[in-house]
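Those letters in the sequence shown? Residues 15 to 618, by the working numbering.
The block underneath contains the structure these notes are about, expressed in structure tokens.
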Amino acid sequence: MASRARVRAPELIGKGGWLNTGGNELTLSDLRGRIVILDFWTFCCVNCLHVLDELRELEERHRDSVVIIGVHSPKFVHEADHQAVVDAVERYGVEHPVLDDPELATWKQYAVRAWPTLVVIDPEGYVVAQHAGEGHAHAIETLVEELIAEHGAKGTLRRGDGPYVPPEPVATDLRFPGKAVRLPGGTFLVSDTTRHQLVELAADGEEVLRRIGSGERGLGPDSFNEPQGLALLPDGTVAVADTVNHAVRVFDPATGTLETVAGTGKQWWQGSPTAGPAREVDLSSPWDLAWWQDRLWIAMAGVHQIWAYDPADGTVAVAAGTTNEGLVDGPAAEAWFAQPSGLAAAGDRLWIADSETSAVRWIERAADDGADGYVVRTAVGTGLFDFGHRDGAAEQALLQHPLGVTALPDGSVAVADTYNHALRRYDPASGEVTTLATDLREPSAAVLADDDIVVVESARHRLTRLRLPEEAVRVESVAHRTQRAATDIAPGTLRLDVVFQAPAGQKLDTRYGPSTRLLVSATPPELLADGAGAGTDLARDLVLADGATEGVLHVSAMAASCDDDPDIEYPACHVHQQDWGVPVRITADGAARLGLVLAGLDAE
């Protein structure tokens, strides 16, 4: 077996303590003899949720020798709230111990730079691999099998039950509901996300009339996997964003039938088709839906895009967004989004809750771009790292990770301002943002019901009916920036190195050209005098502009590796990808090199 670089793993520390351990505190010495996989995640991050799902099979297969530890490392202020972490662990079905690290202490100890990041620790307590982003489950599976063989032979592997202790189940009619829609008869259909079901509630929003779905994860005729968005279609059926199944389904309330109309059940990856017959094109975490301009529009949170499904010809296609994560307006094909999670159709506009940029945006037809041209604009929000609760003029107003938008009768938009526990309102006529209601626990959507608005209070497991007020509630203004510390870099030329080491038994796939891709940009764009743009080399010299003091480097990397065995006729291939947003501060004594690990260990 090839020698492997090893670094002693730092201790696990987190002010919030441990979850899913039955109240026990864990240390690395307690885990000695086991293979430990640290999953640095935060619950706002859709890529982190993808990795949770990627790891489920590995976790089950090697439960006697592998311990996965979730290290919750918050981006938003709300994510540092301990109860919010407790809720998220249940909401997303996390079945391993979780360390709540609100001050990013363990994140800093392991020099993590991105959500999600996976770190593998061998049974003797050494770090042997680090992976950023998605698509690494196969590589980690191969490494785990190597470590089991190696340490089984050495006698340093300790098998047995792990430290996971499941929490006690709680009886409620709904459990972390995601979205809702009002049916023509006045009842409500709710996506009961954590229980993998739809639930029809009576007009009072409380009495359960029926449950749709077995409650088990699946893509069968009677199953869902963490469903979210719902949209009433012209024929009276309801479209369902079946998020973790990466599919769009249609439920008929009259007959009870469920049909898949878009998606294959597999997650979309870079290089996959972006248009075609809807049942043959992969999707990625569809989060919300809206019927607008004779098509079903899809908030594709997993790839930071808006897609559209055309039932007339059964096709699906990208409608807006590049897959780059950020806030960039303009022609739809050039716009950047960041986990769009809520949609609402209103006349000539499609409103969007762009959660990771804490923004409200919209799509409309471009006045000078022909019948099919669309343009993206922003009403509220400035980017990935600014958020808070501030009312007033839209250009300075702040939200915190909104998940839903609702078109109101007067032309304004209600915003489920999820991490501020508030219902906000943006009025295009006045350009003002106000607060309609507070003390809502993680509102994720809202639906109109006559003169009322019914809010999905996800973390209170209920629908809450509010009278639409004529005057807004006043709140104290609060502004925040992400807690992640800026990286100090030197002025002049910065060497960017994205580290990628192909998993054991694999090599870079160059049969059809370069197997790697690197895309670099900056906020503000003027931060870089040279080096922005796309290329195939994972190393690049970036030239910082004279006089620049701070900003954010946006780095997107991808690598494809395949089985390295000439006897295999059809080698299995795997895509590894990650986006980094790295806040930087330019100082005289800063670093001249920025190393970002996609897979492997950074030797420098």
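Ideal Cβ placement from N, Cα and C applies to all residues, glycine included.
{"query": "Option in Pro-597, Ala-128, Pro-539 and Arg-127 with minimal Cα separation from Val-342", "result": "Pro-539"}
{"query": "At least 3 beta-carbon pairs within less than 8 Å: the segment 397-408 vs the segment 439-459", "result": "yes"}
{"query": "With 16 other Cβ atoms within 10 Å as the buried cut-off, status of Gly-384", "result": "The predicted model places Gly-384 with a pLDDT of 48, which falls under 50 and marks its position as unreliable; any figure quoted below should be read in that light. Per the 10 Å Cβ criterion, exposed."}
{"query": "Cα-Cα separation between Asp-551 and Ala-573, rounded to whole angstroms", "result": "10 Å"}
{"query": "Val-262 in three-state terms, based on DSSP", "result": "strand"}
{"query": "Close Cβ partners of Tyr-178 (< 7 Å) along its chain, the five nearest in sequence each way excluded", "result": "Asn-34, Glu-109, His-110 and Pro-111"}
{"query": "Inter-stretch contact (C-beta, 8 Å, three-pair minimum) for the segment 315-328 and the segment 281-300", "result": "yes"}
{"query": "Cβ pair count under 8 Å reaching 3, the segment 158-168 against the segment 206-222", "result": "no"}
{"query": "Distance between Ala-333 and Ala-23 (C-alpha atoms, nearest Å)", "result": "45 Å"}
{"query": "Of the listed residues Val-264, Lys-280 and Trp-282, nearest to Thr-274 (C-alpha basis)", "result": "Val-264"}
{"query": "Residues bridged to Arg-173 (per DSSP)", "result": "Looking at the DSSP assignment, Arg-173 forms no beta bridge with any residue, so it has no partner."}
{"query": "Cβ-Cβ distance between Ala-360 and Arg-196 below 7 Å", "result": "no"}
{"query": "Contacts around Gly-227, its chain only, beta-carbon distance under 7 Å, and the 5 residues preceding and following it disregarded", "result": "His-210, Gln-211, Leu-212, Asp-236, Ser-237 and Phe-238"}
{"query": "Uninterrupted beta strand (DSSP E) stretches inside the segment 450-513 (no shorter than 3 residues)", "result": "457-463, 466-471, 476-481, 492-495 and 501-503"}
{"query": "Beta-carbon separation (whole angstroms), Phe-351 vs Asp-368, contact threshold 8 Å", "result": "5 Å"}
{"query": "Nearest to Gly-176 (by Cα), restricted to the options Thr-271, Val-470 and Ile-49", "result": "Ile-49"}
{"query": "Where Ala-571 falls, given that 16 or more other Cβ within 10 Å makes a residue buried", "result": "buried"}
{"query": "Whole-Å CB distance - Leu-558 paired with Gly-595, under 8 Å assumed", "result": "At roughly 17 Å, the Cβ-Cβ gap does not stay under 8 Å, so Leu-558 and Gly-595 are not in contact."}
{"query": "Rounded Cβ spacing between Gly-32 and Leu-118 (contact assumed at less than 8 Å)", "result": "According to the sequence shown, residue 32 is Trp rather than Gly. Incorrect: roughly 17 Å between the Cβ atoms, too far for contact."}
{"query": "DSSP three-state assignment for Ile-162, whether helix, strand or coil", "result": "helix"}
{"query": "Coarse secondary structure for Pro-597, derived from DSSP in three states", "result": "strand"}
{"query": "Element boundaries [alpha helix (DSSP H), containing His-96]", "result": "96-105"}
{"query": "Beta-carbon proximity list for Val-222, same chain, < 7 Å, skipping 5 on both sides", "result": "Asp-187, Val-213 and Leu-215"}
{"query": "8 Å Cβ shell around Ser-529 - same chain, five flanking residues per side excluded", "result": "Leu-522, Asp-523, Ala-573, Ala-574 and Ser-575"}
{"query": "Three-state secondary structure (DSSP) of Ile-135", "result": "strand"}
{"query": "Test item: CB-CB of Arg-46 and Gly-139 under 7 Å", "result": "yes"}
{"query": "Continuous beta strand (DSSP E) stretch holding Ala-358: start and end", "result": "354-360"}
{"query": "Whole-number beta carbon distance between Pro-517 and Val-566, since they are thought to touch under 8 Å", "result": "Not a contact, Cβ separation roughly 30 Å."}
{"query": "Inter-residue Cα distance where the pair is Ala-16 and Ala-261", "result": "With a pLDDT of only 48 at Ala-16, under 50, the local geometry of the prediction cannot be trusted, and the value read off the model is given with reservation. Looking at the two C-alpha atoms, the distance is approximately 42 Å."}
{"query": "C-beta atoms of Gly-243 and Leu-171 nearer than 7 Å", "result": "no"}
{"query": "Beta-carbon proximity list for Val-492, same chain, < 6 Å, skipping 5 on both sides", "result": "Gly-402 and His-403"}
{"query": "Alpha carbon of Pro-181 to alpha carbon of Val-100, nearest angstrom", "result": "10 Å"}
{"query": "Nearest residue (CA-CA) to Arg-607, options Asp-581, Leu-556, Pro-354 and His-568", "result": "Leu-556"}
{"query": "Span of the beta strand (DSSP E) around Thr-530", "result": "530-537"}
{"query": "Helix, strand or coil at Leu-398 according to DSSP, with G and I counted as helix", "result": "coil"}
{"query": "Beta-carbon proximity list for Ile-82, same chain, < 7 Å, skipping 5 on both sides", "result": "Ile-51, Asp-53, Leu-69, Glu-73 and His-110"}
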